[in-house]
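Peer 1: Residue numbers (the working numbering), protein chains in the order written: chain A, 1246 to 1612; chain B, 1246 to 1612.
Built from N, CA and C at the ideal position, the CB exists for glycine as well.
For reference, the structure I am asking about is given below.
There are 2 protein chains.
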Amino acid sequence: MKFCVIGAGNGGRAFAAYLSSKGHPVNLYNRSFSRIADIKKKVGVIASGEIKGYFPCNLITQDLELAVRDVDVILVVVPASAHKDIAEKIVKYLSQDQIILLNPGRTFGAVEFRRIIEKKGIAFPIFIAETQTLLFTSRQLKKNGVKILKIKDLVDFSSFPNKDTFFVYDTLKDVLPQLNPVDDYLEMTLNNIGMLLHPIISLLNAGTMDCGKEFKFYAEGATPRTCEILETIQNEFNKIFKILGLKQFRFCNWVNKSYGVKKKCIYDAIQNIKVYENINSPKQLITRYFTEDIPTGLVPISSLAKFLGIETPIIDSVINLSSVLCGINFKNEGRTIGGLDLEEIIKKRITTEELIDLGIKQKIPIN
Amino acid sequence: MKFCVIGAGNGGRAFAAYLSSKGHPVNLYNRSFSRIADIKKKVGVIASGEIKGYFPCNLITQDLELAVRDVDVILVVVPASAHKDIAEKIVKYLSQDQIILLNPGRTFGAVEFRRIIEKKGIAFPIFIAETQTLLFTSRQLKKNGVKILKIKDLVDFSSFPNKDTFFVYDTLKDVLPQLNPVDDYLEMTLNNIGMLLHPIISLLNAGTMDCGKEFKFYAEGATPRTCEILETIQNEFNKIFKILGLKQFRFCNWVNKSYGVKKKCIYDAIQNIKVYENINSPKQLITRYFTEDIPTGLVPISSLAKFLGIETPIIDSVINLSSVLCGINFKNEGRTIGGLDLEEIIKKRITTEELIDLGIKQKIPIN
């Protein structure tokens, strides 16, 4: 099977090494040259950690057309805020039955990709899926290096539309046995942990970050009171999840599942995750913790709530203040239910009982 | 002239020393005993700094009735969030022509006091005024001490209703020549600098404060990007000020007037105020910077905006997040246009031209 990896950063290099180590030809694409210059010179990446050695690539390029030509699977490994741009550029080079897997999709990544492809009127089947998190914990090293700290055991993924999930799973399961198919795309894509943690902790430590002082992002930045904001936002998520008949969003359950830590409140959970202990804050204020997690996480969630007639004042407050800090109108830039033509799909998920139970007046015609 | 000083903290002790030094009898009241125990033992305060020496008090008491009996002027020197409580307790002990001066009133302090007195149906005149800022920069010391770092040259004040301002001025001008009468109560009370600076800088450094790390509150906490939030909030203030025909709110003008520092943006202004340089952050997260400045500053401003049909998303976001951090519903607890029966007074200040100019549909009947 032939692969194209889009993005040669932390995750993209790890994928290139991993796939090459399994004997699959890999085309590695990156938009800017600086990130692939040394990989091109050496015709491959040098991995350390869980995978060790030199792994050649079939092609290292800034030419998207060459990168995706004749490949079976396209792995998109860029910040979710760049998915739209990639989709718009890639669409004219796609061919029948190609699989596009977003690593990760954040909230509604596969929908956004699908909508852009639909608008171009492509007649042949393309399969679009997204993972919930990146398969690797990895760090890009100097030159053509990558350190693969961990390959996760299990990574949830799903396709949009749902029905494509098993084709993607069947195609990829031998190469990427970690992929765990989730029946319900909506449930998977809304369980976006990054959007809960990153923007809020960044916002409530904005002064410290902006004046250039480093701190332990979780150990010091997530305090009992700042975690109250996380708890409140989790409650806002769950008003949405309830009305859509989805399992409640529980950060503590995710921590238990992912790290084997059993705690009852978000603060205790965060403070007991070993790998979080020494994670430093970013060296500047404006990072993907805002520019990715807000437009592809909190904005779609807020938009979904609005569509359902649910108020999310705390999520909206985080979006508002972050927009001023970053100088970006995230509500305009981000993914929304309207912008993604998701109205009809969402409507079908609402039950009248749940509306009444929540004390919300029925604002939406229920099919 | 006989004085009562309510509150024996930083400001109250300074007032007691100042008035006693001028030969006026002073009754000093405090709700809790601990703050006045040593003053009672020594029957006065020891001042250092701009005023030096031992200054006796006429009475040091926890009995509000005794404290205000037969005095001409009552100086209230407590956090503005306690004004309501003081007003409710003091009302039954007031006598004709007494002056009550709130130091400072924050936004609508004198209105709140007036409304509580009105509800009790008091038939004789009482004069209620508020200053914009505390006359002293002072620190309470151990035992019965106070250090008076600075007596300000000029402190704006005004009465509610406006017409009482000159009676208060005439009565107090010899004892407190620093009092500068402002014709328009509304303009004075809305120019509340604390509500702009304190909550926002605290919120955007909440993690650092809550994990117990000290930092320079202004020098490190007010950064280029956190000051963008201050600029945006100043713009929100000015939409209100414009519709009410008030002079625009300019933090930089205030800094120029107060500290002789001429700068064009809030960040540069803050970073060039000498006395701000070494001010440390509070040692804990929940302080008057939230519990006073939000309910008696940002909440009334937000309520006023709502009444005028103006959106203030950034102010509201600060209120929302601070409410969760503090576990207090500030929107319910704080001063509002409705709660203070200010609707008719505000309506009279609006001009139709200003509504049209702002592109706001006329929501309010204009008298």
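Can you find at least 3 beta carbon pairs, one from the segment 1343-1351 of chain A and one from the segment 1317-1326 of chain A, that sit closer than 8 Å?
Peer 2: Yes: at least three Cβ pairs fall under 8 Å.
Peer 1: Would a check of beta-carbon distances place A/Thr1471 closer than 8 Å to chain B?
Peer 2: Residue mapping note: residue 1471 of chain A aligns to position 226 of the first sequence, counting from 1. Answer yes: the Cβ-Cβ gap between A/Thr1471 and chain B drops below 8 Å somewhere.
Peer 1: Which class does B/Lys1287 belong to by DSSP, given the choice of helix, strand or coil?
Peer 2: The residue labelled residue 1287 of chain B in the question sits at position 42 within the second sequence. The answer is helix: DSSP assigns B/Lys1287 an H, G or I state.
Peer 1: Can you tell me whether B/Thr1471 is buried or exposed, with buried defined as 16 or more other CB within 10 angstroms of its CB?
Peer 2: Residue mapping note: residue 1471 of chain B aligns to position 226 of the second sequence, counting from 1. For B/Thr1471, the number of other beta carbons within 10 angstroms of its own is at least 16, and it is reported as buried.
Peer 1: When the Cα of A/Thr1581 is compared with those of A/Gln1516, A/Arg1495, A/Leu1435 and A/Cys1571, which residue comes out closest?
Peer 2: Counting from one through the first sequence, the residue named residue 1581 of chain A turns up at place 336. Residue A/Leu1435 is the option with its Cα nearest to A/Thr1581.
Peer 1: On the DSSP bridge assignment, give the partners of B/Val1250 in chain order.
Peer 2: Numbered from its first residue, the second sequence carries residue 1250 of chain B at position 5. Under DSSP, B/Val1250 shares a beta bridge with B/Leu1273 and B/Leu1320.
Peer 1: Grouping DSSP H, G and I as helix and E and B as strand, with all else coil, what is A/Lys1592?
Peer 2: Your numbering for residue 1592 of chain A matches position 347 in the first sequence. A/Lys1592 falls in the helix class under three-state DSSP.
Peer 1: Is B/Gly1294 helix, strand or coil by DSSP?
Peer 2: Counting from one through the second sequence, the residue named residue 1294 of chain B turns up at place 49. Looking at B/Gly1294 - three-state DSSP - the assignment turns out to be strand.
Peer 1: According to DSSP, simplified to helix, strand and coil, what is A/Asn1450?
Peer 2: In the first sequence, the residue the question calls residue 1450 of chain A occupies position 205. DSSP places A/Asn1450 in coil when its eight states are reduced to three.
Peer 1: Along the chain, where does the beta strand (DSSP E) that runs through A/Asp1401 open and close?
Peer 2: Position 156 of the first sequence holds residue 1401 of chain A. Note, A/Asp1401: beta strand (DSSP E), Val1400 to Ser1404.
Peer 1: Can we say the segment 1393-1411 of chain A touches the segment 1369-1376 of chain A, given the rule of at least three CB pairs closer than 8 Å?
Peer 2: yes
Peer 1: So, helix, strand or coil for B/Gln1423, using DSSP?
Peer 2: Start at 1 with the first residue of the second sequence, and residue 1423 of chain B comes out as number 178. It is coil, neither helix nor strand.
Peer 1: Could you pull out every unbroken alpha helix (DSSP H) segment of at least 4 residues lying fully inside the segment 1469-1508 of chain B, listed in chain order?
Peer 2: 1469-1488 and 1496-1504
Peer 1: Residues of chain B with a CB under 8 Å from the CB of A/Ala1451: which are they?
Peer 2: Taking the first residue of the first sequence as 1, we reach residue 1451 of chain A at position 206. Per Cβ cutoff of 8 Å: Leu1449, Asn1450, Thr1468, Arg1470 and Thr1471.
Peer 1: Which residue comes first and which comes last in the alpha helix (DSSP H) that contains A/Ala1355?
Peer 2: As a first step, residue 1355 of chain A must be located in the first sequence, where it is residue number 110. Residues Gly1354 to Lys1364.
Peer 1: Is there a C-beta anywhere in chain B that falls below 8 Å from the one on A/Asn1437?
Peer 2: For the purposes of this step, residue 1437 of chain A is taken as residue 192 along the first sequence, with counting starting at 1. Chain B, which has no Cβ nearer than 8 Å to the Cβ of A/Asn1437, makes this no.
Peer 1: Starting from B/Ile1555, find everything on chain A with Cβ-Cβ shorter than 9 Å and list it in chain order.
Peer 2: Position 310 of the second sequence, counting from 1, holds the residue named residue 1555 of chain B. Near B/Ile1555 there are no residues of chain A at all, since even the closest Cβ is about 15 Å away, more than 9 Å.
Peer 1: Count the other C-beta atoms from every protein chain shown that fall within 10 angstroms of the C-beta of A/Ser1547, then say buried if there are 16 or more, exposed otherwise.
Peer 2: Along the first sequence, read from residue 1 onward, the residue named residue 1547 of chain A stands at position 302. The residue in question, A/Ser1547, is buried, as its Cβ has 16 or more Cβ neighbours within 10 Å.
Peer 1: With B/Leu1339 and B/Ile1361 assumed to form a contact (beta carbons below 8 Å), what rounded beta-carbon distance in angstroms separates them?
Peer 2: Looking up residue 1339 of chain B in the second sequence gives position 94. Looking up residue 1361 of chain B in the second sequence gives position 116. The Cβ separation is near 11 Å, so there is no contact.
Peer 1: Hey, is B/Leu1417's beta-carbon within less than 8 Å of any beta-carbon in chain A?
Peer 2: To locate residue 1417 of chain B, count along the second sequence from 1; it is residue 172. By this cut-off, B/Leu1417 is not an interface position.
Peer 1: How many whole angstroms separate the CB atoms of B/Ile1446 and B/Glu1295, which I take to be in contact at a CB cut-off of 8 Å?
Peer 2: Position 201 of the second sequence holds residue 1446 of chain B. Position 50 of the second sequence holds residue 1295 of chain B. Contact flag wrong, Cβ pair sits at about 28 Å.
Peer 1: Straight-line CA distance for B/Val1313 to B/Val1288?
Peer 2: Taking the first residue of the second sequence as 1, we reach residue 1313 of chain B at position 68. Taking the first residue of the second sequence as 1, we reach residue 1288 of chain B at position 43. Straight-line Cα distance between these residues: approximately 18 Å.
Peer 1: Thinking just about the alpha-carbon of each residue, which of A/Ile1319, A/Gly1452, A/Ser1562 and A/Glu1465 is nearest to the one in A/Leu1417?
Peer 2: Residue numbering aside, residue 1417 of chain A sits at position 172 when the first sequence is read from its first letter. The residue with the shortest Cα to Cα distance from A/Leu1417 is A/Ile1319.
Peer 1: So, with DSSP's three-state summary, where would you put A/Arg1384?
Peer 2: As a working mapping, residue 1384 of chain A is identified with position 139 in the first sequence. Correct three-state label for A/Arg1384: strand.
Peer 1: Three-state secondary structure (DSSP) at B/Lys1267?
Peer 2: Walking along the second sequence from the start, residue 1267 of chain B turns up at place 22. In this structure, B/Lys1267 counts as coil in the three-state DSSP scheme.
Peer 1: Quick check: is the beta carbon of B/Asp1455 nearer than 8 Å to any beta carbon in chain A?
Peer 2: Working through the second sequence from its first residue, we reach residue 1455 of chain B at position 210. Answer yes: the Cβ-Cβ gap between B/Asp1455 and chain A drops below 8 Å somewhere.
Peer 1: When we look at the beta-carbon of A/Lys1392 and count the other beta-carbons within 10 Å, is it buried (16 or more) or exposed?
Peer 2: As a first step, residue 1392 of chain A is located in the first sequence; it is residue number 147 there, counting from the start. Per the 10 Å Cβ criterion, buried.
Peer 1: What do you get for B/Asn1574, buried or exposed, if any count of 16 or more other CB atoms within 10 angstroms of its CB means buried?
Peer 2: Counted from its first residue, the second sequence places residue 1574 of chain B at position 329. Counting Cβ neighbours within 10 Å, B/Asn1574 comes out exposed, since fewer than 16 surround it.
Peer 1: Taking one C-beta from the segment 1530-1537 of chain B and one from the segment 1498-1507 of chain B each time, how about it: are there three or more such pairs within less than 8 Å?
Peer 2: no
Peer 1: Is the separation between the beta-carbon of B/Ala1292 and that of B/Leu1273 shorter than 8 Å?
Peer 2: Along the second sequence, one-based indexing puts residue 1292 of chain B at 47. Along the second sequence, one-based indexing puts residue 1273 of chain B at 28. Against a cut-off of 8 Å, the Cβ pair of B/Leu1273 and B/Ala1292 comes out as no contact.
Peer 1: If you measure between the beta carbons of A/Glu1578 and A/Pro1540, is that distance less than 8 Å?
Peer 2: For the purposes of this step, residue 1578 of chain A is taken as the residue at position 333 of the first sequence. For the purposes of this step, residue 1540 of chain A is taken as the residue at position 295 of the first sequence. In contact: A/Glu1578 and A/Pro1540 (Cβ atoms closer than 8 Å).
Peer 1: If we define contact as Cβ-Cβ less than 8 Å, is B/Ser1562 a contact residue for chain A?
Peer 2: In the second sequence, residue 1562 of chain B corresponds to position 317, counting from 1. Yes, its Cβ sits closer than 8 Å to a Cβ of chain A.
Peer 1: If A/Ala1332 sits next to A/Glu1357, beta carbons under 8 Å apart, how far is it from one beta carbon to the other, in whole angstroms?
Peer 2: Reading the first sequence from its first residue, position 87 is the one you call residue 1332 of chain A. Reading the first sequence from its first residue, position 112 is the one you call residue 1357 of chain A. Correct: roughly 7 Å between the Cβ atoms.
Peer 1: Between A/Thr1596 and A/Leu1489, what straight-line distance do the alpha-carbon atoms span, to the nearest angstrom?
Peer 2: Here the question's residue 1596 of chain A lines up with position 351 in the first sequence. Here the question's residue 1489 of chain A lines up with position 244 in the first sequence. Cα to Cα, the separation comes out at about 7 Å.
Peer 1: Hey, quick one: how far does the beta strand (DSSP E) through A/Ala1374 stretch, first residue to last?
Peer 2: Along the first sequence, read from residue 1 onward, the residue named residue 1374 of chain A stands at position 129. Membership of A/Ala1374 in the beta strand (DSSP E) is indicated by the continuous run Phe1372 to Thr1376.
Peer 1: Under the DSSP definition of a beta bridge, which residues are partnered with A/Lys1395?
Peer 2: Position 150 of the first sequence, counted from the start, is the residue given in the question as residue 1395 of chain A. DSSP, once it has assigned bridges, lists A/Thr1382 as partnering A/Lys1395.
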